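**Student:** Supplied in structure tokens, the structure appears directly below.
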Amino acid sequence: MAVMAYLGTVESIALLSNSRDNGFTGVNLYCDDEASFVDAPPNPRATEVAFCCGKQMQVQGDAFLARVFDNEDDFERLDFTLREVASSAQWVKEAAAQNEAKMRGDGAGSILRRMQEKKQQPAQQAPAKVLELKPAEAAKENGNAAFKKGDLQKALELYTEAIQLDSKMAAAYSNRALVSLKLSQPEAAEADCTHALELDPSNAKALLRRAAARKALGQERTAKVDYQAVLQLQPSNKEAAEALQALQM
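Just so you know, the UniProt record's numbering puts 176 at position 176 of the sequence shown, and the rest follows in order with no gaps.
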């Protein structure tokens, strides 16, 4: 949640709604509510997860999943592992059945019956599948989780592991740069952002973070150039516009 709060407002989408049938345990997809306004890039993995759960939607920008217990009297966040983010996971099957039942106007009590009927029917088409994470991707996602918990050193180690496993993962460099900024290490942050931009010149996050690093290093002229580049990619980016205006005063 810390990362999403840093990016802006959060939209919560119930992929698996909590109900008496499932012990009041649901799975929510949290998205950046302003992603479409800043023209954030598509998030194919989150989109595929939602699709497998019966939610026809296009997810943009950063997103994460969380399992919750909520019976209207008590609320608790439960463990949810990366291994469970797969089309074969039981919760995904339950979510798909539940959302199909909702589309048909059925009550919650018919969900299990629908699931049993599906097992007995021949498959008409291949179901969508969520690809399993590669080792480098898993390390990056674990780094994101550590960052959300405020464990910056652990996040730094995991992003470094991701880069060692895949030296072309621009997001890992950009995310490690954010950690370096939080740790007051602008030189390291600038270097990582430059690596990220060599791999992905249109990475607005890397541009923003490099601008912040350069500003911290007293390099205001090059920081302005980076902020201007962000605004060329995302004209409505408030953070870049406000930072650029502050530098020009």
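Every residue, glycine too, gets a C-beta built ideally from N, C-alpha and C.
The model shown is predicted, which means the values in this text are computed figures rather than measured ones.
1) From P44 to E220, what distance separates their C-alpha atoms?
2) Please state whether the Cβ-Cβ distance between Y173 and A196 is less than 8 angstroms.
3) Please tell me whether L199 and A240 are closer than 8 angstroms, where the distance is taken between their beta carbons.
4) Would you kindly report the start and end of the unbroken alpha helix (DSSP H) that includes G143?
5) Would you kindly report the start and end of the unbroken beta strand (DSSP E) that includes T25?
6) What residues match up with E239 in a beta bridge as DSSP calls it?
7) What are the uninterrupted segments assigned as alpha helix (DSSP H) that are 4 or more residues long and contained completely in the region 177-249, given in chain order?
8) Buried or exposed: where does A146 fall if 16 or more other Cβ atoms within 10 Å of its Cβ makes it buried?
9) Quick check on V49: does DSSP put it in helix, strand or coil?
10) Answer with buried or exposed for K205, where buried requires no fewer than 16 other C-beta atoms within 10 angstroms of its C-beta.
11) How is Q56 classed by DSSP in three states: helix, strand or coil?
12) Could you spell out where the alpha helix (DSSP H) holding A97 opens and where it closes?
13) Is P44 helix, strand or coil when you go by DSSP?
14) So, is Q98 buried or exposed, given that buried needs 16 or more other C-beta atoms within 10 angstroms?
15) Going by C-alpha to C-alpha distance, which of N71, A66 and M57 sits closest to L78?
16) So, under 8 angstroms CB-CB, N144 and D70 are touching, yes? Tell me the CB distance rounded to an integer number of Å.
17) For the candidate residues V59, V179 and M57, whose alpha-carbon lies nearest to that of K148?
18) Could you pull out every residue in the same chain whose Cβ sits closer than 7 angstroms to the Cβ of P135, ignoring the five residues on either side in sequence?
19) Keeping to the same chain, check which residues put their C-beta closer than 7 angstroms to that of A95; ignore five residues upstream and five downstream.
20) According to DSSP, is E72 helix, strand or coil?
21) Of the choices K215, V92 and V68, whose alpha-carbon is the least far from that of Q248?
**Tutor:** Inspection of the coordinates gives the following:
1) On the sequence shown, position 44 is the one that residue 44 refers to. On the sequence shown, position 220 is the one that residue 220 refers to. Between P44 and E220, the C-alpha separation is close to 36 angstroms.
2) Residue mapping note: residue 173 aligns to position 173 of the sequence shown, counting from 1. Residue mapping note: residue 196 aligns to position 196 of the sequence shown, counting from 1. A contact, by the Cβ cut-off of 8 angstroms.
3) The residue given as residue 199 occupies position 199 in the sequence shown. The residue given as residue 240 occupies position 240 in the sequence shown. Against a cut-off of 8 angstroms, the Cβ pair of A240 and L199 comes out as no contact.
4) Here residue 143 is taken as the residue at index 143 of the sequence shown, counted from 1. Counting along the chain, the alpha helix (DSSP H) containing G143 begins and ends at P135 to K148.
5) Looking up residue 25 in the sequence shown gives position 25. Looking at the DSSP string, the run of the beta strand (DSSP E) that includes T25 is T25 to D32.
6) What you label residue 239 is simply residue 239 of the sequence shown in a count that begins at 1. DSSP lists no partner for E239.
7) 186-199, 204-216, 220-233 and 238-248
8) The count along the sequence shown starts at 1 and reaches residue 146 at position 146. Buried, since its Cβ has 16 or more Cβ neighbours within 10 Å.
9) Taking the first residue of the sequence shown as position 1, residue 49 is located at position 49. Helix.
10) Counted from its first residue, the sequence shown places residue 205 at position 205. Buried, since its Cβ has 16 or more Cβ neighbours within 10 Å.
11) Along the sequence shown, one-based indexing puts residue 56 at 56. In this structure, Q56 counts as coil in the three-state DSSP scheme.
12) Position 97 of the sequence shown, counted from the first residue, corresponds to residue 97. Q90 to M103 is the span of the alpha helix (DSSP H), which, as asked, contains A97.
13) Reading the sequence shown from its first residue, position 44 is the one you call residue 44. It is helical.
14) On the sequence shown, position 98 is the one that residue 98 refers to. Buried, since its Cβ has 16 or more Cβ neighbours within 10 Å.
15) Translated into positions along the sequence shown, residue 78 becomes position 78. Considering only alpha carbons, the answer is A66.
16) Locating residue 144 in the sequence shown gives position 144, where the first residue counts as 1. Locating residue 70 in the sequence shown gives position 70, where the first residue counts as 1. With 8 angstroms as the limit, N144 and D70 do not qualify as a contact, their Cβ atoms being about 24 angstroms apart.
17) The sequence position of residue 148 within the sequence shown is 148, counting from 1. Comparing Cα-Cα distances from K148 to each of V59, V179 and M57, the minimum goes to V179.
18) Residue mapping note: residue 135 aligns to position 135 of the sequence shown, counting from 1. L165, listed in sequence order.
19) For the purposes of this step, residue 95 is taken as the residue at position 95 of the sequence shown. So the qualifying residues of the chain are L15, L16, V27, C53 and G54.
20) Walking along the sequence shown from the start, residue 72 turns up at place 72. Residue state, collapsed to three classes: coil.
21) Taking the first residue of the sequence shown as position 1, residue 248 is located at position 248. With distances taken between Cα atoms, Q248 lies closest to K215.
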